[in-house]
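Numbering follows UniProt numbering, with no gaps: position 232 of the sequence shown is 232. First comes the structure, then the notes that go with it.
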Amino acid sequence: MTKPPARPPARSKTPAASSGDTTTPPGDRIAKVLARAGVASRRDAERMIEEGRVAVNGKVITRAALNVTDRDRITVDDKPLEAPEAPRLWLYHKPAGLVTTTKDEQGRRTIFDALPEDLPRVMSVGRLDLNSEGLLLLTNDGGIKRKLELPSTGWLRKYRVRVNGRPTDDMLAPLRAGIVVDGQAFQPMEVTLDRQQGANAWLTIGLREGKNREIRRAMTDIGLSVNRLIRVSYGPFQLGQLKQGEVEELRPRVVRDQLGLEGAKSNRPQPQRKRKPGPATGKPVRNGPPKGPAKGPKRR
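Right, here's the structure in full:
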């Protein structure tokens with residue numbers, strides 16, 4: 001009697017741990033986890049990893065190409081990584097003269113030197129130039145920061161801009177069409193001439209991307225110089241009547257609704273407006289944007 005041919009061995013359901021295995025490990029990239037926990041932005045978290053400041057399950061890592069899960073023990077500078085807080089977002093009225101960075105190589109004051117001391121660790125969403133002022137968003141969540149900075153988000157950012165000169169519609173036409181400055185293409189801007197005030201004029205400008213010094217460079221290219229620049233809105237968020245140096249936290253429900261987030265309501269106390277003390281007197285700083293055209297629309 002002929003025996004039936006032997007069956008081939010069953011294939012293992014577990015992916016082979018070979019050099020050609022392309023199965024994605026479970027969890028999230030370590031830099032993303034650090035950013036979500038508010039340790040630093042994703043880019044800064046990658047630098048911290050390369051510097052050997054991060055350990056996973058007791059082993060120091062120097063490469064960010066690692067996925068981790070809730071079961072992994074992560075330490076930063078030998079301190080356990082805390083569980084990420086609920087995403088939070090603040091409006092900050094940045095005064096001119098502050099650098100939007102954590103540290104400045106030239107020793108200039110940064111926004112983090114001027115923020116209220118009781119504010120938790122936050123990151124800025126994008127930047128405003130040294131001499132620019134107005135609305136800057138702050139968050140404790142690296143995922144929110146990254147999402148709002150991506151060009152694909154496409155949120156309109158509006159600025160009140162005072163220029164020296166007498167702009168006309170013909171002069172402003174290239175900005176509305178999109179121009180190239182020093183080999184860099186700028187997308188079309190929304191530009192409105194509000195009024196001429198002596199040798200200066202006030203404009204309202206809307207952008208959907210934020211390249212380095214974009215408005216100032218574009219104005220110089222058409223023969224105008226900017227002497228004041230105030231950001232009055234970032235997507236749905238408005239500067240309104242927020243005073244210079246003042247910080248205001250948005251309600252958790254507003255953050256969830258505007259950013260499309262899910263989750264339970266925060267059990268934190270209701271946000272309160274905070275003012276940073278003045279440089280010498282200790283009194284609140286009250287000098288806001290100029291009256292009239294320099295005010296942004298009220299928040300609703």
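Built from N, CA and C at the ideal position, the CB exists for glycine as well.
Report the partner residues of residue i according to the DSSP bridge assignment.
| i | result |
| --- | --- |
| Gln238 | Ser233 |
| Glu133 | Ile230 |
| Pro80 | Thr75 |
| Ala201 | Val163 and Gln196 |
| Glu248 | Leu91 |
| Leu207 | Arg157 |
| Asp28 | Val68 |
What did DSSP end up calling residue i once you bin it into helix, strand or coil?
| i | result |
| --- | --- |
| Ala37 | coil |
| Ala264 | Annotation note: pLDDT 36 at Ala264 (below 50); position unreliable, coordinate value reported separately. It is coil, neither helix nor strand. |
| Lys295 | Only weak support is given to the placement of Lys295: the predicted model assigns it a pLDDT of 46, under 50, and the value that follows is read from those uncertain coordinates. Residue state, collapsed to three classes: coil. |
| Gln184 | strand |
| Lys158 | strand |
| Gly254 | At residue 254 the sequence reads Val, which differs from the Gly that was named. Of the three classes helix, strand and coil, the one that applies to Val254 here is helix, per DSSP. |
Do residue j and residue i count as a contact pair if the criterion is CB distance below 8 Å?
| i | j | result |
| --- | --- | --- |
| Ala35 | Ala45 | yes |
| Val60 | Asp28 | no |
| Pro252 | Ala83 | no |
| Trp202 | Arg195 | yes |
| Asn227 | Val181 | no |
| Arg157 | Leu115 | no |
| Val232 | Arg160 | yes |
Measuring alpha carbon to alpha carbon, tell me which residue in the options is nearest residue i.
| i | options | result |
| --- | --- | --- |
| Asp170 | Val191, Val180 and Gln258 | Val191 |
| Pro94 | Lys32, Leu242 and Ile205 | The amino acid occupying residue 94 in the given sequence is Lys; Pro does not appear at that position. Per the Cα distances, Leu242. |
| Gly245 | Tyr92, Thr153 and Pro120 | Tyr92 |
| Met189 | Ala65, Ala201, Gln197 and Ile205 | Ile205 |
| Ile30 | Thr62, Ala37, Leu66 and Ser41 | Leu66 |
| Arg127 | Arg108, Val99 and Glu117 | Val99 |
| Ser225 | Arg157, Ser41 and Arg217 | Arg217 |
| Gly38 | Arg71, Thr62, Leu119 and Asn140 | Asn140 |
| Pro120 | Gly107, Trp90 and Arg109 | Trp90 |
Discussion item. Three or more C-beta pairs under 8 Å: does that hold for the region 131–147 against the region 162–177?
Written reply: no
Worksheet item: Can at least three beta-carbon pairs, one atom from the region 40–52 and one from the region 220–234, be found at a separation below 8 Å?
Response: no
Worksheet item: Counting Cβ pairs closer than 8 Å, one from the region 72–81 and one from the region 127–144, do we hit at least three?
Response: no
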